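Chemist: Sequential numbering from 516 applies to the sequence shown in the working numbering.
Every residue gets a Cβ at the ideal spot worked out from N, C-alpha and C, and that includes glycine.
Keep in mind the model is a prediction, meaning the values are calculated, not measured.
Can you keep this structure in mind? I'll have questions shortly.
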Amino acid sequence: DIQRCIDATNVDGVMSAETNLYNPALFSGKVLPTWQMAEEYMEICNDVPTKTPFIRGHLFKLFRYSLPLHVDMRERLVEAKDMDGYWQFVRDMKARLLADAGDAEFDPATVVTDEFGYRKYPHWICQPALRFEHDKEHSKSKRLLSEAQADSTSVAADTCDSGSCDKMDDEVKRQKVCVENA
516 DIQRCIDATN VDGVMSAETN LYNPALFSGK VLPTWQMAEE YMEICNDVPT KTPFIRGHLF
576 KLFRYSLPLH VDMRERLVEA KDMDGYWQFV RDMKARLLAD AGDAEFDPAT VVTDEFGYRK
636 YPHWICQPAL RFEHDKEHSK SKRLLSEAQA DSTSVAADTC DSGSCDKMDD EVKRQKVCVE
696 NA
């Protein structure tokens, strides 16, 4: 995805910030389970003094897609007040997510895409956070920002600025690229 963005926009690089909190392995080329990233993060926090609200916020991001399925664990994360509490939360989430994953080996090559072309990973795999916009024109469901302005016959690039997308000239870009300007 990054190379497609660079090719489509002719930029020298791509900056990513917040999405790295949801998937720290984003640029590694690896598809890793959330508990592995959480354990690695907690090890770093053991070595580098980290304020507890930062730890809590980062764990919420890492487990974003699993917490809606394990609602009681959200409260446990909120109630954690120190490193021991956060470590216990990570161990308990790992146990639950290993049970969810079952005995099957996860093969990233078997991941399917949704109707918008985004990969659908199991909830226990690190994945980027996608931002959604309410599509009032076509439905009452949430739709991806990059799809909100695209029509079904032309694939044009969208640039997102302050939460809204403006369609760019089709001749300029032939791929969907959503660049979020913070």
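Buried or exposed for PRO539, going by 16 or more other Cβ atoms inside 10 Å?
Modeler: buried
Chemist: Once the 5 residues before and after LYS596 are set aside, which same chain residues still bring their CB inside 8 Å of it?
Modeler: THR567, listed in sequence order.
Chemist: Leaving out five residues before and five after HIS573 in sequence, what residues of the same chain have Cβ atoms less than 8 Å from its Cβ?
Modeler: LEU536, TYR556
Chemist: Under three-state DSSP, which class holds GLN526?
Modeler: The sequence given here places Val at residue 526; Gln does not occur at that position. VAL526 falls in the coil class under three-state DSSP.
Chemist: Roughly how many angstroms lie between the CA atoms of ILE521 and SER531, to the nearest whole one?
Modeler: 13 Å
Chemist: If I follow the unbroken alpha helix (DSSP H) through ILE559, where does it start and stop?
Modeler: 549-562
Chemist: Suppose you measure from the CA of VAL563 to the CA of ILE570; what does that come to, to the nearest Å?
Modeler: 12 Å
Chemist: How many whole angstroms separate the CB atoms of THR524 and TRP639, which I take to be in contact at a CB cut-off of 8 Å?
Modeler: Actually they do not touch by this definition, with Cβ atoms about 33 Å apart.
Chemist: Which term fits SER581, buried or exposed, when burial requires 16 or more other beta carbons within 10 angstroms of its beta carbon?
Modeler: buried
Chemist: Here's the rule: buried if 16 or more other CB atoms are within 10 angstroms of the residue's CB, otherwise exposed. What is GLN642?
Modeler: Buried: at least 16 other Cβ atoms inside 10 Å.
Chemist: Report the option in LEU592, ALA616, LYS635 whose CA atom is closest to the CA atom of VAL605.
Modeler: LEU592
Chemist: Which same chain residues, not among the five before or five after LYS609, have their C-beta less than 7 Å away from its C-beta?
Modeler: TRP550
Chemist: Could you tell me the alpha carbon to alpha carbon distance between ARG611 and PHE542, rounded to whole angstroms?
Modeler: 27 Å
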